[in-house]
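Counting with the working numbering, you get residues 2 to 349 for the letters of the sequence shown.
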Amino acid sequence: MGYLVDFEKAIENHDAPAILRLWEEYTSSDEIDGEDLPKLKRPKIIRFDSNQPLKNNPKIINLAPEHVIEVATELGAKILVAQDYPICKVKGQYKRHEEFMRKLGYNVFWARQTAQLKKSRCPNMKLLIPIQCYDLAQMDTFLRAIGDLEYDGFSMPVRNHRPHEILLFLVRMKRLGIKMVHLLGTLEFSRLAISAFMGRHFFKWVSLDSTTWRIEAEKQKYLNRFDLSVRDMKQDVFIDDSVQIECECNWCGYETYTSIKNKLYTDKYCFLAAHNFWVSSKVATELYEKSITGNSLLTHVDNVCSNRKKKDDLMRLIPLVEYYQGSDPDDLLELEEELLWFKSKIAK
Ligand SMILES: [Zn+2]
């Protein structure tokens with residue numbers, strides 16, 4: 002939370018160097034995304050040795066559940082996510098099965114070990130168990146393997162899942178009696194809308210964590226203020242100057258799309274990072290506020306979202322889950338079946 006407060010302060014003060022410095026510090030201790038591993042120019046040596054110190058430098062990462070517990074205790078964290086081995090974004094049923102199996106042993110072992118350490122060393126901290134799975138059958142396998150651990154909720158990367166699949170996982174979690182869910186990965190309008198609605202009506206806590214704002218800034222992409230759609234701001238892109246910027250953030254006030262496009266890369270990156278961060282937070286907050294009912298959320302979606310497909314999917318999914326709002330977890334099997342049917346239709 003400390004970083005969030007500092008980020009917000011830096012954004013409020015228009016302090017782009019501080020935003021970048023905080024980001025560098027934040028990511029130097031961040032987990033490595035499964036997708037990023039193959040992109041490293043010279044792959045790091047990765048070890049999980051609890052007898053050696055915690056390390057994260059250009060050559061080596063050494064991280065074990067003991068380190069996770071030590072750092073969380075030192076920071077006074079209230080919520081702890083168990084160490085995990087993220088699954089990569091791969092396509093095809095067999096490849097996904099293979100990738101799931103390759104990481105399963107690590108994920109089961111670390112979930113169990115982190116839970117045991119947490120229980121003895123910091124029993125008051127909440128524990129979230131990462132769900133590194135592509136489908137519900139794999140999730141069942143993982144949960145059977147970790148057995149009767151004590152935990153408070155799940156964390157789940159959503160980059161591998163389409164909105165209806167995220168919903169399917171969330172409904173299964175609700176059926177299992179889970180109250181706390183942390184979703185991480187791509188920040189995208191439909192996923193946000195679903196998370197907001199489910200957070201408001203089905204769970205006690207749904208939190209989100211994404212670096213999309215920074216990654217898009219690096220790629221010179223400007224996120225739309227209302228639906229997070231992406232506009233390319235590279236030097237060679239044609240921009241119609243008659244299109245006005247519609248954003249009330251602190252940075253867009255005196256800019257045009259052309260003036261943003263023509264900035265030097267570093268200035269453009271600072272500008273886009275600050276704007277993208279602000280709009281990400283704003284869009285998420287608005288979706289949560291509008292989620293009082295399915296109808297109020299969909300009216301908002303209809304007003305702000307420019308993507309027909311996203312709108313159509315949300316128009317079908319939100320009323321479906323809303324119908325089951327307040328149902329006993331045991332009755333949600335029917336909803337799960339309806340979502341599976343939806344998934345089979347989409348796949349065709
Ligand atoms: Zn802006």
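Beta carbons: idealized from backbone N, C-alpha and C, even for Gly.
Beta-carbon proximity of residue i to residue j, cut-off 7 Å
i: Ile130; j: Phe155; result: yes
i: Ser307; j: Asp228; result: yes
i: Gln84; j: His202; result: no
i: Leu118; j: Ile70; result: yes
i: Val72; j: Leu333; result: no
i: Tyr86; j: Asn58; result: no
i: Arg226; j: Val280; result: yes
i: Arg215; j: Ala274; result: yes
i: Ile62; j: Ala112; result: no
For residue i, the three-state DSSP class (helix, strand or coil)
i: Gly1; result: Residue 1 lies beyond the stretch modelled for the chain, which goes from 2 to 349, so this question has no answer here.
i: Val231; result: strand
i: Met140; result: helix
i: His162; result: coil
i: Ser243; result: coil
i: Lys262; result: helix
i: Arg192; result: helix
i: Val284; result: helix
i: Asp37; result: Bear in mind that the predicted position of Asp37 carries a pLDDT of just 49, short of 50, making it unreliable; the figure below should be weighed with that in mind. Reduced to three states, the DSSP call for Asp37 is coil.
i: Trp342; result: helix
i: Pro66; result: helix
i: Gly154; result: strand
i: Met181; result: strand
i: Trp279; result: helix
i: Leu55; result: coil
i: Trp214; result: helix
i: Trp206; result: strand
Chain-order list of residues whose beta-carbon lies under 7 Å from that of residue i (same chain, five-residue window excluded)
i: Lys79; result: Met126 and Lys127
i: Pro330; result: Lys175, Arg176 and Gly178
i: Lys311; result: Phe190 and Ser191
i: Ile246; result: Cys253, Glu256, Thr257 and Tyr258
i: Glu151; result: Ala116 and Lys120
i: Asp303; result: Lys312
i: Cys250; result: His276, Trp279 and Val280
Which listed residue (the options) has its alpha carbon closest to that of residue i
i: Glu75; options: Arg122, Thr267 and Val109; result: Arg122
i: Val82; options: Asp313, Lys56, Leu185 and Gln53; result: Leu185
i: Lys90; options: Asn161, Val305, Thr187 and Tyr107; result: Asn161
i: Met157; options: Ile147, Glu151 and Asp136; result: Asp136
i: Glu217; options: Phe110, Asn296, Cys271 and Ser243; result: Cys271
i: Leu288; options: Trp252, Leu193, Tyr324 and Ser328; result: Leu193
i: Lys264; options: Trp279, Leu168, Lys283 and Asp237; result: Asp237
i: Val207; options: Asp153, Arg226 and Leu55; result: Asp153
i: Leu318; options: Val72, Pro164, Gln53 and Asp268; result: Pro164
i: Met181; options: Lys120, Met199 and Gly295; result: Met199
i: Leu321; options: His301, Thr142 and Gly295; result: Gly295
i: Ser51; options: Glu219, Lys45, Ala65 and Lys60; result: Ala65
i: His68; options: Asp7, Gln133, Lys346 and Lys56; result: Lys56
i: Tyr95; options: Leu144, Gln139, Glu335 and Phe49; result: Gln139
i: Glu133; options: Asp149, His98 and Val244; result: Here the sequence assigns Gln to residue 133, which means Glu is not the residue at that position. Cα-wise, what sits closest to Gln133 is His98.
i: Thr142; options: Asn251, Met316, Met102 and Gly77; result: Met102
i: Leu298; options: Ser282, Arg309 and Glu323; result: Glu323
i: Thr212; options: Asn304, Ser282, Lys92 and Thr267; result: Ser282
i: Asp268; options: Glu219, Asp242, Ala197 and Asp241; result: Glu219
Spatial neighbours of residue i in its chain, beta-carbon cut-off 6 Å, leaving aside the 5 residues before and after
i: Met234; result: Gln221, Tyr223, Ile261 and Lys262
i: Ala285; result: Leu193
i: Phe49; result: Ala65
Cutoff 8 Å; reference residue i; Cβ partners in own chain excluding five residues on either side
i: Leu169; result: Leu137, Glu337, Leu340, Leu341 and Lys344
i: His301; result: Glu287, Leu288 and Lys291
Test item, CB below 5 Å from any non-hydrogen atom of ligand 1: Cys248, Cys250, Cys253 and His276
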